[in-house]
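Each remark here refers to the structure printed beneath this line.
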């Protein structure tokens, strides 16, 4: 009799229709797992009362639990409800994957001996806490002590791998696994025209005048960093530049952004939009992408931009070190003056930036896109499922 496909329970506080960077990463990772016959169920939070408790999205079952863990009290009760749900559905999966190593993982590990289900945890200690309760925050030693108790510790980052070893985590429990979160977008002239047409049909706000260059900012921003970019872009528009800018799901007050733009007179040229499930059309049409908050872009959006060869301007940040050995220094700004200088340099010679971005694309794909990645995931999860069933 052929063996049953591995069944994985994915525990993550946020998932679709939330469209933050971590959610995009998870959506594309689960799509890749489906392509190799891994059956996944997502257990997440119900962040809005209008969302149904259960939903099927892209052939993946989603189960949403109350309360939404945005406060310490809610987080504690959410954790209790996660434990209760898992105990009631133990026969529906072979293993538990926890997307964030924090206090929720600690609680699940305290119950794991009675569940007899292997626990896999993703180790990425620097990632964003945006929108989460303060009691989720843990020090690096506490995070390492937690993942030390897991059956499998997963990381895609060589630096994180070294950190785990340096803190005494057993090497045989650490697995370097690419997250399969990036998709390859082939940017072409006809692809750009098709994407512009599709976006304009979806909303007239996406209409792009023929001579205008387009900049995009995708994902959560900090107001201080985004404000510096907006002021520089407004200055460039003041000089007569033909530009449009789209802000996609910035995660801060739309009114604050609009007031600044209205005051400068560019509220029709710089527009704000809610999040997208699919970023491919935006990647096709962007002449430049801003990365003002790398901690909120490093999981999915920034790798997607690099793998597509989109010119970027990114704020200097420690998170960018995870891209090594790829060198993105030509696209980094470190001050408002440097930001404005590089923005003017891009507008004066966009072809030079595009050429550099294509070179960077080749380096990125060479270092971060293994053809063996999907096979490695299949082998690992089959091994996990077999151990669980035996």
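Residue numbers (this note's numbering): 903 to 1292.
Each residue gets a CB set at the ideal place from its N, CA and C atoms; glycine is no exception.
{"query": "Could you give the distance in angstroms between the alpha-carbon of residue 1103 and the alpha-carbon of residue 1110?", "result": "12 Å"}
{"query": "Quick check on this structure: which residue in 947, 1201, 941 has the alpha carbon closest to the alpha carbon of residue 1287?", "result": "941"}
{"query": "Do residue 1046 and residue 1076 count as a contact pair if the criterion is CB distance below 7 Å?", "result": "no"}
{"query": "Can you tell me the Cβ-Cβ gap for residue 1200 and residue 1218, rounded? I've got them flagged as a contact below 8 Å.", "result": "In fact, because the Cβ distance is near 14 Å, the residues do not count as touching under 8 Å."}
{"query": "Does DSSP put residue 1265 in a helix, a strand or coil?", "result": "helix"}
{"query": "Taking only three categories from DSSP, how would you classify residue 1078?", "result": "strand"}
{"query": "Would residue 1213 and residue 1256 qualify as a contact pair, given that the criterion is a beta-carbon distance under 7 Å?", "result": "yes"}
{"query": "Short check: CB of residue 1211 to CB of residue 1267, under 7 Å?", "result": "no"}
{"query": "So, residue 1035 versus residue 952, is the Cβ gap smaller than 7 Å?", "result": "no"}
{"query": "With a threshold of 7 Å on Cβ separation, who are the neighbours of residue 1098 within its own chain once the five nearest residues in sequence on each side are excluded?", "result": "1110, 1187"}
{"query": "So, with DSSP's three-state summary, where would you put residue 978?", "result": "helix"}
{"query": "Mind checking who residue 957 pairs with in its DSSP beta bridge?", "result": "964"}
{"query": "Exposed or buried, which one is residue 1131 when buried takes at least 16 other CB atoms within 10 Å?", "result": "buried"}
{"query": "Could you pull out every unbroken alpha helix (DSSP H) segment of at least 4 residues lying fully inside the stretch 1013 to 1090, listed in chain order?", "result": "1042 to 1049, 1060 to 1068"}
{"query": "Since I believe residue 988 is in contact with residue 1017 (beta carbons under 8 Å), could you give me their beta-carbon distance rounded to a whole number of angstroms?", "result": "7 Å"}
{"query": "Which same chain residues, not among the five before or five after residue 1248, have their C-beta less than 8 Å away from its C-beta?", "result": "1190, 1213, 1215, 1255"}
{"query": "Let me check understanding here. Comparing Cα to Cα, which of 1027, 1121, 981, 1284 lies closest to residue 921?", "result": "1121"}
{"query": "Evaluate residue 1289 with the Cβ neighbour count: other Cβ atoms within 10 Å of its Cβ, from every protein chain shown; 16 or more gives buried, anything less gives exposed.", "result": "exposed"}
{"query": "Just to confirm the assignment, what range does the beta strand (DSSP E) spanning residue 1216 have?", "result": "1214 to 1217"}
{"query": "Could you compute how far the alpha carbon of residue 1157 sits from the alpha carbon of residue 910?", "result": "42 Å"}
{"query": "Measuring CA to CA, which of 995, 1105, 1029 is closest to residue 924?", "result": "1029"}
{"query": "Mind checking residue 1236: buried by the 16 CB within 10 Å criterion, or exposed?", "result": "exposed"}
{"query": "Considering just the uninterrupted stretch of the beta strand (DSSP E) at residue 1119, what are its terminal residues?", "result": "1115 to 1120"}
{"query": "Can you tell me whether residue 998 is helix, strand or coil according to DSSP?", "result": "strand"}
{"query": "Could you tell me if residue 991 is buried or exposed, where buried requires 16 or more neighbouring beta carbons within 10 angstroms of its beta carbon?", "result": "exposed"}
{"query": "Bridge partners for residue 1249 per DSSP, in chain order?", "result": "DSSP output for residue 1249 lists no bridge partner at all."}
{"query": "Ends of the alpha helix (DSSP H) at residue 949?", "result": "No alpha helix (DSSP H) holds residue 949; DSSP gives it neither H nor E."}
{"query": "Exposed or buried, residue 1170, counting other C-beta atoms within 10 Å across all chains shown (16 or more means buried)?", "result": "exposed"}
{"query": "Could you give the C-beta distance for residue 1135 and residue 1172, rounded to a whole number, given that I count them as a contact under 8 Å?", "result": "7 Å"}
{"query": "Start and end of the alpha helix (DSSP H) containing residue 912?", "result": "Per DSSP, residue 912 belongs to no alpha helix (DSSP H); it is in the beta strand (DSSP E), 909 to 913."}
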